[in-house]
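This report concerns only the one structure given below.
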Amino acid sequence: MADLNSLISAEDSKSADGTLPAEALPEPRSQGKLVLRKFLRHKLAMICTAVLLLLVLTVLIMPIFWPHSYEDSSFPSFARPSADYPLGTTQVGKEMVSQILRGTQYSLLIALVVSIIATTIGTVFGAMAGYLRGFTDSAISRVTDLFLIVPQIAAAAILAKVFGGGSWYIVAMVLAAFGWMPIARIARAEAMSLSQREFVDAARASGAGTFHIVFKHLVPNMVGLITVNATLAVAQAVLIEAALSFIGLGVQLPDTSLGRVILENYAQLQNRPALFFGPFIVLVLISLTINFIGDGLRDAFDPRQRKMKA
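Okay, so the sequence shown: first residue is 1 according to full-length UniProt numbering, each after it adds one.
Quick look at the structure:
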């Protein structure tokens, strides 16, 4: 409506030759502003963003003021939920809230590292394959196919043991090594499409090299695709890390994670459900919020998406 009013008012300010002055034209919106506006109007994505930010701030700030340390095991074993222990204590005498806070910190840290590394590797390989084609495309595609047919959790479990699994960064590196392939396939297809555009032909005609075209022209034009897949990779990494830790092949003590906390209290599911469902609900909440945020980003970056979803 604002742009329409601007045009109407501009009609009255036409010069004698019938042209509009530059200042009378409506200000064009940048692609970034359009994407941000569409994302802000996606109600479910905004709610999930607020919930996720609140969760992150909680796990970062609350441990500073929480009276119980996650390392302290001097509490009574299996104390029932009370004002002192809102979710009770574990079998070894550790307070449950502090365990969940610490486990969430590590789970989010692992997921963030996995997402950054996997997205970077996948984007680079996919863009190079899609632009160069030929032998390079065939070689990268065959490597991608080889990694895709290997069961991710099984391979990650084996490698985590081989490379001294137990530390969170070892688990993160192993998961990243088996998490870049879907992004590489998507980036390859997008790079093949973009490489046919006029701006790539112009860059070639001007003498630009392969790396300049790929990283200055192709990758920046895939920012929407990269952002969406990086977001979804975080949610996937959280769940895979939890699965590894739950079967005892992921993060090991003294490090911890939500999957590790769930594993340690799985046997108490029936007798002391708070010990199990506390970290389980946080894990599900993280996965759901990140997935819905990814849906909102995908709709925002999609130029064909005109109607805002709830």
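Ideal Cβ positions, reconstructed from N, Cα and C, are used throughout, including at glycine.
Residues near residue i by beta carbon distance below 6 Å, same chain, minus five either side
i: P28; result: Below a pLDDT of 50, predicted positions are generally treated as unreliable, and P28, at 49, falls in that range; the measurement from the model is reported next regardless. Within the same chain, P28 has no close Cβ partners at all.
i: I140; result: F125 and A129
i: L148; result: M181
i: E95; result: H68, F75, Y85 and T89
i: G296; result: F39, H42 and A45
i: A176; result: V114, I117 and A118
First through last residue of the alpha helix (DSSP H) which encompasses residue i
i: E198; result: E198 to A205
i: K216; result: Counting along the chain, K216 falls outside any alpha helix (DSSP H), and DSSP gives it neither H nor E.
i: L263; result: L258 to E264
i: A184; result: M181 to L194
i: G278; result: P273 to F301
i: A79; result: No alpha helix (DSSP H) holds A79; DSSP gives it neither H nor E.
i: S245; result: V223 to F246
Those residues which DSSP pairs with residue i across a bridge
i: L144; result: According to the sequence as given, residue 144 is Thr; it is not Leu. Note: T144 sits in no beta bridge, so no partner.
i: T89; result: E95
Helix, strand or coil at residue i [DSSP, three-state]
i: S138; result: helix
i: V150; result: coil
i: R41; result: coil
i: L36; result: helix
i: S74; result: coil
i: A83; result: coil
Contacting residues, own chain, Cβ-Cβ under 7 Å from residue i (five flanking each side not counted)
i: M308; result: Since pLDDT at M308 reaches only 45, below the 50 mark, its modelled position is unreliable, and no value is offered.
i: S167; result: D255
i: A157; result: L244 and L249
i: R188; result: G126, A129 and G130
i: I153; result: I240, A243 and L244
i: H217; result: F199, V200 and A203
i: T231; result: I290, I293, G294 and L297
Test item: CB-CB of residue i and residue j under 7 Å
i: A208; j: Y131; result: no
i: A155; j: F135; result: no
i: G88; j: S77; result: no
i: V59; j: T120; result: no
i: L159; j: V174; result: yes
i: S257; j: Y106; result: yes
Cβ-based neighbour list, residue i, same chain, cut-off 8 Å, excluding 5 preceding and 5 following
i: L225; result: I186, A187, E190 and F301
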